[in-house]
Structures are given as structure tokens and as C-alpha cells.
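Visitor: Quick one: this structure, given as C-alpha cells, is what I'll be asking you about.
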Amino acid sequence: MPTPPPTGPLVTRDTLAEDLRALGVRPGEILLTHSSMKSLGWVCGSRAAVVRGLLDALGPDGTLVVPAQSGDLSDPALWSRPPVPEAWWDTIRAAMPGYDPATTPTLGVGVVPETVRTWPGALRSAHPQTSFAAIGPRAREITEGHATDCRLGERSPLARLEALGARVLLLGTGYDTCTCFHLAEYRVPAPHVRVGRPGPHGWETVTEVSVDSGCFGELGHDFERDRPVVRGTVGAAAARLFPLADAVAYAERWLTLHRPREEDITHPGA
558 MPTPPPTGPL VTRDTLAEDL RALGVRPGEI LLTHSSMKSL GWVCGSRAAV VRGLLDALGP
618 DGTLVVPAQS GDLSDPALWS RPPVPEAWWD TIRAAMPGYD PATTPTLGVG VVPETVRTWP
678 GALRSAHPQT SFAAIGPRAR EITEGHATDC RLGERSPLAR LEALGARVLL LGTGYDTCTC
738 FHLAEYRVPA PHVRVGRPGP HGWETVTEVS VDSGCFGELG HDFERDRPVV RGTVGAAAAR
798 LFPLADAVAY AERWLTLHRP REEDITHPGA
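My numbering puts the first residue of the sequence shown at 558, with every later residue one more than the last.
Next comes the structure, spelled out in C-alpha cells:
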């Protein structure tokens, strides 16, 4: 049976840049982008055309930033999609390669961030599990100094982006992908967890703030109801554009009211 032709729309580098400008993306700004390429339509030039369209809309003075997470550099005991046999755990921990910003691939953030990560001149931050990649004149300022014991808090690129007045673009994705909400988690009482990962000298365990995006869809719904969010369409994708600092400030208040306090959480074995 023949494969049906694509339904479109046909998206090119130029139409993508035009749609982004119409949405309100400004030349010279800093844009933290979460994206779903398949939501755009049929893209001529694939993932590279998407990155080029974003860079065209931002212009030579703008900076494109994406999450470049590598969550597979984690404790195999916690893997669930899919899990691995318990008998393998020690071997995996011993054999898992350490994080290398230049070669460790992204995981779970889509094809556009992986393309940004490997783009000529791109820079990537140092955290082995929750790095960010950036292209543009502010890339070094944003990615430098990402503490390896601070996934998404004050010593991460999120705090730099907030200080620099960045905006967030959700391109075919929902608020469940909105990484900047995690910065608010570091500013409200939250439990801490022990996180295992490969380190430069073998397997290591560090203490980190517990992060959880399970409520981000509800949080985003309320944020969009109460705060100005630019909405439009880029290709076939629903798009949202808003200041990162506004989202973080709103999330701090919202999480304080809606998330259980640490003393109210029932811990296993308690």
C-alpha cells in the first residue's frame, strides 16, 4: 500500500522565520526555546532548517538557547522507560561514560536541541544531566559557571537567562516542558534527593533539590490565564512567547500555594 503524501503545511526556513517574527520574536533577543519539530508540518530541510529559521528571526545579535539534557547519565535503578534488570545495575554504573559537553548526546528533548548542540560555534553548560546549549553572542555568558551540583537553580543558566531578560518560546510544546519553572522550585521549600551519576573519577552521588514537572501543565494554565502570553501559530504548531522572569515569579507564588510542604510529604519508610 503506497505511503500517503504529507498533509503539510509546507514549512521552509524562510516561512518559519516569517512566522516567528509575526509571533513577536525580536532581533537581538535571547530566546529559550522548547520545540516539537513534528508539530510544525512538513519541514523542507528538516531540523537544520528549523535552527536556521530561529537564528534568522533572532538575527546576528540574538542568542538561541535550548535545554540539552542527558538524563540517561543517571542511576539505572531509577530507569523505567524501559527498566533494566537489577543484575545489570552495578555493571552499568561502572561502565557508564562520564559527561562530555562535546560528545554526550541529548536525550528526551527533541531533535532541534540535538541539532543546536552540534551546531558550529555552539556552547554547552557543564552540568552532566541538565545542561543547556546556546548559539549567539551571549552564549558563553549564559552557559559558563553551571555548577555540577545545581541542576536548574541559581547557579544554572536559568538564573542567567532570568537576569538577562530572556524570553521563552514554546514551539509546539506545552507547559510541561517549560524548564524555567524549575528555577522557582529552588526558591520555595522543596525536598532534597541523592542523585547518582557517572563522574570524572567514577560513580558519584550528590545531593540536589528534588525537581518535579508533574504539575507544570496546571501551573502553565494558570500562568497563561493570569499573565500576558503571546499566542500564535508557527507553521502548524501552536506557539507561546513570554518573559522568562514573569514565568518564574508566577511559579514561585503558585508552587508556594499548591505544592505540598516538605514536612507534609510522606517519605518511603517513614
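From the three backbone atoms N, C-alpha and C, an ideal C-beta is built for every residue, glycine too.
Going by DSSP in three states, Ala-827 sits in which element: helix, strand or coil?
Guide: Any reading at Ala-827 needs caution, since the residue's pLDDT is 27, under 50, leaving its predicted position unreliable; the model's value is listed next. The answer is coil: DSSP assigns Ala-827 none of H, G, I, E or B.
Visitor: From the DSSP output, in three-state form, read off Thr-734 for me.
Guide: Helix, per DSSP.
Visitor: Return yes when the Cβ of Gly-693 is within less than 8 Å of the Cβ of Leu-801, no when it is not.
Guide: Against a cut-off of 8 Å, the Cβ pair of Gly-693 and Leu-801 comes out as no contact.
Visitor: What three-state label does DSSP hand Arg-788 in the structure shown?
Guide: Three-state result, Arg-788: strand.
Visitor: Just to confirm my understanding: we take Arg-695, look at its own chain, exclude 5 residues before and 5 after, and list those with CB closer than 8 Å. What are they?
Guide: For Arg-695, where only same-chain residues beyond five positions count, the Cβ hits under 8 Å are Ile-587, Thr-620, Leu-721.
Visitor: If you measure between the beta carbons of Ser-604 and Pro-685, is that distance less than 8 Å?
Guide: The residue asked about is misnamed: residue 604 is Arg in this sequence, not Ser. No, Cβ-Cβ distance for Arg-604 and Pro-685 is not below 8 Å.
Visitor: Helix, strand or coil: which one does DSSP assign to Ser-603?
Guide: Looking at Ser-603 - three-state DSSP - the assignment turns out to be helix.
Visitor: Sort Val-673, Arg-650, Val-669 by Cα distance to Pro-658 and report the nearest one.
Guide: It is Val-673.
Visitor: Cα separation between Tyr-732 and Arg-797?
Guide: Spanning the two alpha carbons is a distance of roughly 9 Å.
Visitor: Give the DSSP-derived three-state secondary structure of Thr-660 in the structure shown.
Guide: Three-state result, Thr-660: coil.
Visitor: How about Val-623 and Val-600: are their beta carbons less than 8 Å apart?
Guide: Contact flag unset, no.
Visitor: For Gly-756, which beta-bridge partners are listed by DSSP?
Guide: According to DSSP, Gly-756 bridges with Gly-759.
Visitor: Which first and last residues belong to the alpha helix (DSSP H) in which Arg-578 is found?
Guide: Arg-578 -> alpha helix (DSSP H) spans 570 to 580.
Visitor: Tell me the DSSP bridge mates of Val-725?
Guide: The partner list for Val-725 (beta bridge, DSSP) reads Leu-589, Phe-799.
Visitor: Suppose the cutoff is 7 Å on Cβ atoms and the five residues either side in sequence are ignored; what does the same chain contact list for Pro-584 look like?
Guide: These residues qualify, in order along the chain: Leu-615, Gly-616, Asp-618, Gly-619.
Visitor: Using 8 Å for Cβ pairs, my map puts Val-768 next to His-739. What's the rounded Cβ distance?
Guide: Val-768 to His-739, Cβ: 5 Å. Contact.
Visitor: List the endpoints of the continuous beta strand (DSSP E) containing Thr-620.
Guide: Element bounds for Thr-620: 620 to 624.
Visitor: What's the C-alpha gap between Pro-662 and Gly-655?
Guide: Pro-662 and Gly-655: Cα-Cα distance of roughly 12 Å.
Visitor: For Leu-635 and Val-766, I'd like the C-alpha separation in whole angstroms.
Guide: If I take the Cα positions, the gap works out to 17 Å.
Visitor: Among the candidates Asp-571, Arg-782, Gly-610, Ser-631, whose CA atom is the shortest distance from the CA of Ala-804?
Guide: Ranking the options by Cα distance to Ala-804, first place goes to Arg-782.
Visitor: Would you tell me roughly how many angstroms separate the C-alpha atoms of Gly-610 and Leu-580, rounded to the nearest one?
Guide: Cα-Cα distance, rounded: 13 Å.
Visitor: Where does Val-666 land, buried or exposed, given buried means 16+ other C-beta within 10 angstroms?
Guide: Buried is the call here.
Visitor: Any idea what DSSP makes of Ile-822, helix, strand or coil?
Guide: With a pLDDT of 41 at Ile-822, under the threshold of 50, the predicted position of this residue should be treated as unreliable, and no value is reported.
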